[in-house]
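Let me begin by presenting the structure, written as C-alpha cells, before commenting on it.
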Amino acid sequence: MTILPKQLSAACDCYKKRKVVANCDAALINFEELPEYMKDNEFIRNYYRCEWQLKDVALSIFSLHNESLNIWTHLVGFLIFSKMMIMSLNEKTSLRNVRAVFFGSGSDGWLSMITDSYIGKVAGLGSLHTQEEHATSVPIWPWLIFLSGAMICLIFSSVSHLFGCHSRRFHYFFWRLDYTGISLMIVCSFFTPIFYIFADQPYWRFFYLSSVTILGAAVVVTLLAPSLANGRTRSFRATLFLCMGFSGVVPATHAVILHWDQPKIRVSLMYEVVMWLMYGAGALIYVTRVPERWKPGAFDIVGHSHQIFHVFVVAAALAHCAASLMIMDWRCSLPP
1 MTILPKQLSA ACDCYKKRKV VANCDAALIN FEELPEYMKD NEFIRNYYRC EWQLKDVALS
61 IFSLHNESLN IWTHLVGFLI FSKMMIMSLN EKTSLRNVRA VFFGSGSDGW LSMITDSYIG
121 KVAGLGSLHT QEEHATSVPI WPWLIFLSGA MICLIFSSVS HLFGCHSRRF HYFFWRLDYT
181 GISLMIVCSF FTPIFYIFAD QPYWRFFYLS SVTILGAAVV VTLLAPSLAN GRTRSFRATL
241 FLCMGFSGVV PATHAVILHW DQPKIRVSLM YEVVMWLMYG AGALIYVTRV PERWKPGAFD
301 IVGHSHQIFH VFVVAAALAH CAASLMIMDW RCSLPP
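The sequence shown lines up with residues 1 to 336 when you count with UniProt numbering.
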C-alpha cells in the first residue's frame, strides 16, 4: 500500500498536535479546535485545555487558562465555608456557643459590624446580642447541614471546572456532579431558616423541608439526562435552579406573616432578598453570556459570565449565611 505525500504530511501534523497537547506548556487551543462535546460558549475564543493527561490537568490549577478563575472563585468559597464549619464544630453541639462565635457577647463577633450597623438601626434593634441566661437550647445540626451543602456544592464546582476537560467521560461525569452539588446546596439552604422559624410548628416544618427535598431530588434526576449536558440547555438548567431557589418565597412569606413583629426576622428577610437578587442576577448573566457576547475573545481569561456567576453564587451564599445566623440568634433569644 502506497502512502501519498499529502497523507503522510497529515499524519505527521496529527502526531505533532497530539504531542503538543500532551505537553501542558503549549496545550491551550481555541474554540474551533475543541471536540463537539466541549463546545459550550462560542464567545470565549481561546485558552482552552482539551483532553490533557490527568497529571497535567491537576497541575493546571496553578496555570492560567479560561477556567482558572472558575476554579479558584469556588475553591476560595469552599475554604470560607470550611472555616465556618470548623468554627462551628469546635463549639461542640451548642447553638448558643456557635451564635456567640459569630455574633460575640458584645461587639467582638465578626457579624457585629453588620448587625449593629444602619440595617439594624432601621429595624429598631439597638443590639442583637441576647443575654446568655435567657437563651433557648436548640440543636445545631440544621446549621451544619447548610454549611455542608455549601461546601459540597463549591468543591464539586471547583473540581468539575478543573477535571472536566480531561476526556468525554470525565466531562459528562463532572458536570452531572456539578449540577448535583448545586441542587444539594439549594435544598440544604432551606434547613436552617425553616427548622428554626417553624420550630414550634412541626407540621409546617416537615411539609416545607420534605417538599424542597423532593423537588431537589426531581431536579437532580432530570439533569442527569445526557441530552441536558450541553450548552444549548443552559437556560433550562438555570430555570430549574431558579425555580428551586425561589420556591423559598412561600415559606419566607409564611414566616413573615407569623413573625412580622420580630425585628430580627425582618432583618433576616432583607438578607434573603439580597440573596435572591444575587442568584437572579448571576443566573441572568450566565444565560445571556454577558459581557463576552459583546466582545468575543476579550474576556477569555478574566471577566466572562461564568466567573461573574460564580462570584454571585458565593456572595449569595454568604448573604444566606448572615440571614441564617440572624434567625438562629432570634431563636436563641426566645425564652425556654
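For each residue, glycine too, the CB sits at the ideal point set by N, CA and C.
- Nearest in C-alpha terms to I285, of all of V302, A298, F312 and G297, is F312.
- Contact check for S160 and F174: beta-carbon distance about 4 angstroms, within the 8 angstroms limit, so the pair qualifies.
- In the structure shown, the three-state DSSP call for I257 is helix.
- The C-alpha of F207 is placed about 32 angstroms away from the C-alpha of H74.
- Between H254 and W204, the beta carbon gap of about 7 angstroms places them in contact (Cβ cut-off 8 angstroms).
- In the same chain as H166, and ignoring 5 residues on each side of it, the C-beta atoms closer than 7 angstroms to its own belong to E51, W52, L54 and V57, in chain order.
- The beta-carbon distance between I186 and F236, rounded to whole angstroms, is 16 angstroms. This is too long to meet the 8 angstroms contact definition.
- A direct Cα-Cα distance of roughly 15 angstroms separates K295 from F31.
- In the structure shown, the three-state DSSP call for Y172 is helix.
- Measuring C-alpha to C-alpha distances from G216 to each of I194, G248, L209 and S183 identifies S183 as the nearest.
- DSSP places I301 outside both helix and strand once states are collapsed to three, so it counts as coil.
- Close CB contacts of V256 within its chain, under the 8 angstroms cut and outside five residues either way in sequence, are with I265, R266 and L269 (chain order).
- Counting only the Cα atoms, F163 lies some 16 angstroms from K39.
- Beta-bridge partners assigned by DSSP to I29: Y48.
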